[in-house]
Ligand code: AMP
Ligand code: MG
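Numbering (this note's numbering), first residue to last: 1 to 689.
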């Protein structure tokens, strides 16, 4: 979208006509076009203001200038109010609700009566209070002593904006209750009049020529200079300030999410986990005295010690695939948004009893995207096509195959239930419901769901960055000449590819010889660029085991002797605040340790929460005796519904990793598995490979 060119701010009023002479506590507006302010405008009542706004929108949109329109009253009420009144959490439904009920004339309006009427629905002591009229209104308390509010007193943003008034107070100095009630209907009518051209912040993506934004000048501005009317001065200042803000700063201020309550522009939103605290150096410490740690205890420790480290950002749907959601996603729109027909056929009202029926067929039809403009009277039918919104008067649809059409009538056989072959509005997802939860990695199916419920962007975490280092004097790069005693580096390509499949960004740190200086430099760089480091090789306690030696030197090595096969001790440590998984050099052990330990730990750091891989009990196609005291993972695959294991358990057999399609997990105790006994098979796919 092009940047905004015109900024107009409006200081609203909930009261009556303020007369011909410009004065305070009236409606004031000021336009800044291409950076230059036009003299503030005095608008003595809302009818004039509404016309003035419509003219402004008309003028700016037809001149092709994007318009930013700020209003100084809440665009929403505290949580729960919209649903209690309208049955929907959608704030714009609440706008319509008020628009349908508010009567507004320059000298009188029904706002106190409506407040009383609303209160009476909730027991007659709240949520609204204060009555600006002389006559009493049933249910509307004048003072706060008998007042009871069934809803939260404040919106989330009002807890952060010190000095703001609640939208429940209808009268008294500074009260905004009347302004909201008298403002929302005007905004609703403008949205309707300029349908498709206005987006309401923060509920809708600002991808239209006009944006309606909630502002609150007193958030940043103090008293007006001598001789100026405060309201007039404030709208001018705010318009100038916003117009001169660099577009990226404005975009940052606009980047909030506040489903139903709305937000005040400029109040900083507290988001969870934006800057997570650094991990502690001793975060991998095992309880003292433990010798061989059972796998489950090791996992519980990782789960307990690690947390999300990645920041949050607004991401358009086109870039959201594979990203981790940072917040629950609330449906903006129901799916389906309105009742529609599931089949091609004929629609009519109600249920149809048993027997033969003939019904007159109306002219016209309803098709997907092309609604029928009219009402279908009871006892009449209308041609409807799959996906068409059900017209007024249609509840039930009969399949075209079950109908004879002749002489503008249809004939068919009952019975038919009311609602047959029709989809109810929101039967899949209702607006306001949580469509996807925080921590989810967005799938292709999620993109369909997000689109259907009206989301164009999501709050997502930046991908976790994983650095991979191979260590060992014996390693050469595949493709290079390998001398005697040398082997090709098999771990690095595998580990980089695994991290990539898990949805992380990868940093290839190459091969490092068994040399402490070189390894130290590599770890420094890796810690600078990545969130987590995977090394392979050199993790035991031998002379050439420099990974463990360096971590030891840094005072941050934990040797986890985990009771599992295949696996050597897992060296866990921190390097300049970045967790290091010192994996065994052996590729089989390196892969198993990555899947079992590093995978869930990295998922947690990436903001996904803790995931246990989904396994399945299948009959064994093999026999095996296993000693107690450690957990075993066998390279396995399923054929004809039975789990086969690789013919050798040798930990150097890389071909077995490649042959396998998953792991068979055998629990810690003693076991004698015979063919046909159930074993737990975890497909590679369950780990995210
Ligand atoms: P280490 O953990 O360094 O003692 O290595 C254990 C075994 O794994 C040795 O046989 C190494 O040669 C082998 N190894 C270490 N790193 C790799 C690697 N990147 N690719 C293939 N084999 C490796
Ligand atoms: Mg080595």
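Even for Gly, the Cβ is constructed at its ideal location relative to N, Cα and C.
- At a cut-off of 8 Å, the beta-carbon of residue 652 counts as near ligand 1: some heavy atom of the ligand is closer than that.
- Residue 236 is not bridged by DSSP to any residue.
- Look at residue 168 here: in three-state DSSP terms it is coil, with no helix or strand label.
- Per DSSP, residue 68 lies in no alpha helix (DSSP H) segment; the continuous beta strand (DSSP E) that holds it begins and ends at 67-71.
- For ligand 1, no non-hydrogen atom lies closer than 8 Å to the CB of residue 566.
- Residue 678 has 619 as its beta-bridge partners, per DSSP.
- Looking at the DSSP output, residue 409 sits in a beta bridge with 360, 406.
- Looking at the DSSP output, residue 313 shares a beta bridge with 460.
- The Cβ atoms of residue 177 and residue 128 sit closer than 9 Å to each other.
- In the DSSP assignment, residue 529 forms no beta bridge with any residue.
- Distance between residue 511 and residue 593, taken at the CA atoms: about 20 Å.
- In the three-state DSSP reduction, residue 626 falls in the strand class (E or B).
- Residue pairing of residue 560 in beta bridges, as defined by DSSP: 570.
- Straight-line measurement puts the Cα of residue 238 at about 14 Å from the Cα of residue 267.
- Beta-bridge annotation (DSSP): residue 293 is paired with 562.
- Excluding residues up to 5 positions away in sequence, 476, 488 lie with their Cβ nearer than 8 Å to the Cβ of residue 482 in the same chain.
- Under the three-state reduction of DSSP, residue 684 is assigned to helix.
- If you check the C-beta of residue 475 against ligand 1, you find a heavy atom less than 8 Å away.
- Restricting attention to alpha helix (DSSP H) runs no shorter than 4 residues, the segment 169-236 encloses them at 177-193, ordered along the chain.
- DSSP places residue 11 inside the beta strand (DSSP E), whose first and last residues are 6-11.
- Annotated three-state conformation of residue 606 is coil, per DSSP.
- At least 9 Å separates the beta-carbon of residue 426 from that of residue 384.
- Where residue 578 is concerned, the enclosing beta strand (DSSP E) starts and stops at 578-583.
- Assigned with DSSP and collapsed to three states, residue 121 falls in helix.
- Boundaries for residue 28: no alpha helix (DSSP H) harbours it, while the beta strand (DSSP E) harbouring it runs 27-33, taken from the DSSP string.
- Only residues of its own chain outside the window of five on either side were considered, and among them 470, 536, 587, 590 have a CB closer than 6 Å to the CB of residue 491, listed in chain order.
- Counting of Cβ neighbours within 10 angstroms places residue 411 among the exposed residues, the total staying below 16.
- Note on residue 351: under 16 other CB atoms within 10 angstroms of its CB, so exposed under the neighbour-count rule.
- Ranked by Cα distance from residue 516, the first of 466, 430, 331, 553 is 553.
- Counting only runs of 4+ residues, no alpha helix (DSSP H) is found wholly inside the segment 342-386.
- The residues 335, in chain order, have a CB closer than 6 Å to that of residue 428 in the same chain once the five nearest residues on each side in sequence are set aside.
- Residue range 81-86 is occupied by the alpha helix (DSSP H) that includes residue 86.
- In the three-state reduction of the DSSP assignment, residue 249 falls in the helix class, which pools H, G and I.
- Here the alpha carbon of residue 549 sits roughly 9 Å from the alpha carbon of residue 538.
- Between residue 8 and the set 173, 235, 47, 472, the nearest pair of CA atoms involves 235.
- Here residue 231 is buried, its C-beta having at least 16 other C-beta atoms within 10 Å.
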